[in-house]
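Note that our numbering gives residue 357 to position 357 of the sequence shown, counting from 1, and the numbers run on in steps of one.
Input: a single structure, listed below in structure tokens.
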Amino acid sequence: MFAGKRIILGVTGGIAAYKAAYLLREFQKAGAEVRVTMTPSATRFVGTETFAALSRNEVAVEVFNNENPGKNWTKHIQWGDWADLFVIAPCTANTLSKIVQGQSDNMLTSTVLAARCPLLICPTMDGEMYESSSVTENLQRAKAQGHYILEPTEGYLASGLEAKGRLPEPEEILKKAQDIIKKHRIKGPLTGKKVVVSAGPTREFFDPVRYISNPSSGKMGLAMAEAARLSGADVTLLHGPISLEIPDRIPRKSFVSADDLFNLIKENSDADVIIMAAAVSDFKAASVEKQKIKKENGSNELKLTRNPDILEWLGNQKKEGQILIGFAMETENLKENAQKKIKKKNLDWICANDLSGEDSGFESDKNTILLLGTDSEQTFSGSKNQIAKEILERIFGKG
Ligand code: CTP
1 MFAGKRIILG VTGGIAAYKA AYLLREFQKA GAEVRVTMTP SATRFVGTET FAALSRNEVA
61 VEVFNNENPG KNWTKHIQWG DWADLFVIAP CTANTLSKIV QGQSDNMLTS TVLAARCPLL
121 ICPTMDGEMY ESSSVTENLQ RAKAQGHYIL EPTEGYLASG LEAKGRLPEP EEILKKAQDI
181 IKKHRIKGPL TGKKVVVSAG PTREFFDPVR YISNPSSGKM GLAMAEAARL SGADVTLLHG
241 PISLEIPDRI PRKSFVSADD LFNLIKENSD ADVIIMAAAV SDFKAASVEK QKIKKENGSN
301 ELKLTRNPDI LEWLGNQKKE GQILIGFAME TENLKENAQK KIKKKNLDWI CANDLSGEDS
361 GFESDKNTIL LLGTDSEQTF SGSKNQIAKE ILERIFGKG
């Protein structure tokens, strides 16, 4: 239900804070990656360690890092960019009031302000508080600000009274969260489609400190991933060792060697669209030395063996309706070589890249690509971002 989705779980200082641990597990079981931010008072109800262990991530409570001043103090911005949904459960009257006023006095409220994603508030408090005119007014204001509210349920409360104020059951919260995510999906030709993009070089180590690689920067692959995301896709970027900063909003997994990438591709071979922009090394060392090769006893020959052709493997077992897009890096006979690769690898499209051209190739921000389909061709020139957008529009339409 939440495969590939990223959720920030905000926990505030109410007795129902302990239930947030169960909620976190349910989100995870449904496939979500969850990060937790707590208000300082929430930590009096449940320790940060509980959430850190369950989420396998650090729990954000303080904006400032007392042990290491200045370090990582923009985490609220990064998290706000990273998430698909922010759920505050339980949300106290105090945090609700801060949210509607735009206060940002702790990590949780700062992240609310920074978040680009929708916010689901689950107000949870004693019945009298919930019925108070201030809370009623704040809930209306929160709705008017575009936030989602899941009303508390009636039942036995910590005060011993029976009233409306309980945190709804996890399944109800998950259902509401799913509706919100669906509603906020970017609408485009790839909405609801799983798209996997590979980018960057592979490294084939032959001893602990040396490897065979290529100068691929990953720029074109990253541009394709972002363009797919903006077309509505649930995109995952598989990237090799690159120095580019990947925006937090793009889910990613890293690889080093072609074999690592092959494993990631196998795990994701059910994708609707696979775009192989990675510059995969065709060869690896026949054997990898455990210790650094010393020049005294090193030979002047390096024995190589072939890497798997990942795209050809995908082409051989292409599932119905799946679209495979390859890249061809050529220094001569661009069109002929690219056409051969379309056939050999059973591709739908290939983006042929002339590496000898001016203003194109690995490091450049610009590129010229000849897009070949099985019976069509078109050339695109310009910035890699612009080209990526145009290529996807050409293949999938404007939506
Ligand atoms: N590719 C792959 N696995 C490999 C080599 C390449 O999946 N072992 C993919 C690349 O990601 C690219 C396409 O195949 O999408 C073409 O890559 P390219 O390096 O241009 O061609 P090769 O097939 O390796 O052929 P050659 O090096 O002989 O041109």
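By construction, the Cβ of each residue, glycine as well, lies at the ideal position given by its N, Cα and C atoms.
Computed from a prediction, not measured in an experiment: that's the story for all the values here.
Closer than 8 Å: residue i CB and nearest the ligand FMN heavy atom
{"i": "PRO201", "result": "Ligands in the displayed structure: the ligand CTP; the ligand FMN is not one of them."}
Residue i versus residue j - alpha carbon distance
{"i": "PHE255", "j": "PRO247", "result": "18 Å"}
{"i": "THR111", "j": "PRO90", "result": "16 Å"}
{"i": "GLN291", "j": "PRO208", "result": "6 Å"}
{"i": "ILE275", "j": "VAL61", "result": "39 Å"}
{"i": "LYS318", "j": "ASP270", "result": "9 Å"}
{"i": "LYS335", "j": "THR374", "result": "12 Å"}
{"i": "ILE350", "j": "ALA258", "result": "20 Å"}
{"i": "ALA115", "j": "THR109", "result": "10 Å"}
{"i": "ASP309", "j": "PHE262", "result": "9 Å"}
{"i": "LYS295", "j": "ASP282", "result": "26 Å"}
{"i": "ILE211", "j": "ILE293", "result": "The residue asked about is misnamed: residue 211 is Tyr in this sequence, not Ile. Their Cα atoms are separated by approximately 12 Å."}
{"i": "LEU136", "j": "THR50", "result": "One point to set straight first is that residue 136 is Thr, not Leu, in the sequence displayed. Straight-line Cα distance between these residues: approximately 32 Å."}
{"i": "ALA17", "j": "ASN385", "result": "44 Å"}
{"i": "GLU162", "j": "GLY321", "result": "54 Å"}
{"i": "PRO40", "j": "GLU67", "result": "17 Å"}
{"i": "GLN401", "j": "ILE88", "result": "The requested residue 401 is not part of the displayed model; the chain covers only 1 to 399."}
Residues of its chain near residue i, where Cβ-Cβ distance is below 8 Å and the 5 sequence neighbours each way are ignored
{"i": "TRP1", "result": "According to the sequence as given, residue 1 is Met; it is not Trp. Contacts found: ALA30, GLY31, LEU174, GLN178."}
{"i": "LEU347", "result": "LEU311, GLY315, LEU324, ILE325, GLY326, LYS341"}
{"i": "LYS303", "result": "ALA285, ALA286, SER287"}
{"i": "ASN65", "result": "LYS71, ASN72, TRP73"}
{"i": "THR191", "result": "ARG185, SER231, GLY232, ALA233, GLY399"}
{"i": "LEU238", "result": "VAL196, VAL197, SER198, ALA199, ARG252, LYS253, SER254, PHE255, LEU261, LEU264, ILE265, ASN268, ALA278"}
{"i": "ALA227", "result": "ASN385, ALA388, LYS389, ILE391, LEU392"}
Pair within 9 Å by beta-carbon distance, residue i and residue j
{"i": "CYS117", "j": "HIS184", "result": "yes"}
{"i": "ARG203", "j": "GLY240", "result": "yes"}
{"i": "THR92", "j": "GLY13", "result": "yes"}
{"i": "ALA338", "j": "LEU372", "result": "yes"}
{"i": "LYS253", "j": "LEU244", "result": "no"}
{"i": "GLN380", "j": "ILE369", "result": "Looking at the sequence itself, residue 380 is Phe, so the reference to Gln does not match. In contact: PHE380 and ILE369 (Cβ atoms closer than 9 Å)."}
{"i": "VAL46", "j": "MET107", "result": "no"}
{"i": "MET220", "j": "ALA52", "result": "no"}
{"i": "LYS176", "j": "LEU150", "result": "yes"}
{"i": "GLU402", "j": "PHE206", "result": "Nothing about residue 402 can be reported from this structure: the residues present for the chain run from 1 to 399 only."}
Same chain, Cβ closer than 6 Å to residue i, five either side skipped, listed in chain order
{"i": "GLY165", "result": "MET125, ASP126, GLY127, TYR130, PRO152, LEU157"}
{"i": "ASP272", "result": "LYS193, LYS194"}
{"i": "GLY188", "result": "SER231, GLY232, GLY399"}
{"i": "THR236", "result": "VAL196, PRO251"}
{"i": "HIS147", "result": "LEU119, ILE121"}
{"i": "ALA279", "result": "PRO201, ASN214, SER216"}
{"i": "VAL36", "result": "LEU9, PHE51, SER55, VAL59"}
{"i": "ASN400", "result": "Nothing can be reported for residue 400, as the shown portion of the chain is limited to 1 through 399."}
{"i": "ARG19", "result": "For the sequence presented, residue 19 should be read as Lys rather than Arg. Counting only Cβ-Cβ distances below 6 Å, and skipping sequence neighbours, we find LEU167."}
Residue i, DSSP secondary structure in three states
{"i": "GLU377", "result": "strand"}
{"i": "MET276", "result": "strand"}
{"i": "GLY13", "result": "coil"}
{"i": "MET329", "result": "strand"}
{"i": "GLY155", "result": "strand"}
{"i": "HIS239", "result": "strand"}
{"i": "THR191", "result": "coil"}
{"i": "THR109", "result": "helix"}
{"i": "SER55", "result": "helix"}
{"i": "LEU210", "result": "According to the sequence shown, residue 210 is Arg rather than Leu. Correct three-state label for ARG210: strand."}
{"i": "MET38", "result": "strand"}
{"i": "SER383", "result": "strand"}
{"i": "LEU372", "result": "strand"}
{"i": "SER281", "result": "coil"}
{"i": "GLY165", "result": "strand"}
{"i": "LYS341", "result": "helix"}
{"i": "LYS389", "result": "helix"}
{"i": "LYS366", "result": "strand"}
{"i": "GLU267", "result": "helix"}
Segment limits, beta strand (DSSP E) that includes residue i
{"i": "ASN353", "result": "349–354"}
{"i": "ILE403", "result": "There is no way to answer for residue 403, as the model of the chain reaches only from 1 to 399."}
{"i": "PHE86", "result": "85–91"}
{"i": "ILE121", "result": "119–123"}
{"i": "LEU150", "result": "Element bounds for LEU150: n/a, residue is neither H nor E."}
{"i": "LEU304", "result": "304–306"}
Interface flag, residue i vs chain D, CB-CB below 9 Å
{"i": "LEU237", "result": "In the structure shown, chain D cannot be found, because there is only a single protein chain."}
Alpha helix (DSSP H) segment containing residue i, residue limits
{"i": "ARG229", "result": "219–230"}
{"i": "VAL135", "result": "133–144"}
{"i": "SER254", "result": "Taken as a continuous stretch (DSSP letters only), SER254 belongs to no alpha helix (DSSP H), being part of the beta strand (DSSP E) at 252–254."}
{"i": "LYS398", "result": "Per DSSP, LYS398 belongs to no alpha helix (DSSP H) and is neither H nor E."}
{"i": "GLY315", "result": "310–316"}
{"i": "LYS292", "result": "Here LYS292 belongs to no alpha helix (DSSP H), and DSSP marks it neither H nor E."}
Neighbourhood of residue i by C-beta distance below 7 Å, restricted to the same chain and skipping five residues each side
{"i": "VAL34", "result": "ILE7, LEU9, LEU24, PHE27, GLN28, SER55"}
{"i": "MET329", "result": "ALA279, ASN353, LEU355"}
{"i": "ILE181", "result": "LYS5, ASP84, LEU85"}
{"i": "ARG141", "result": "VAL100"}
{"i": "LYS344", "result": "GLU312"}
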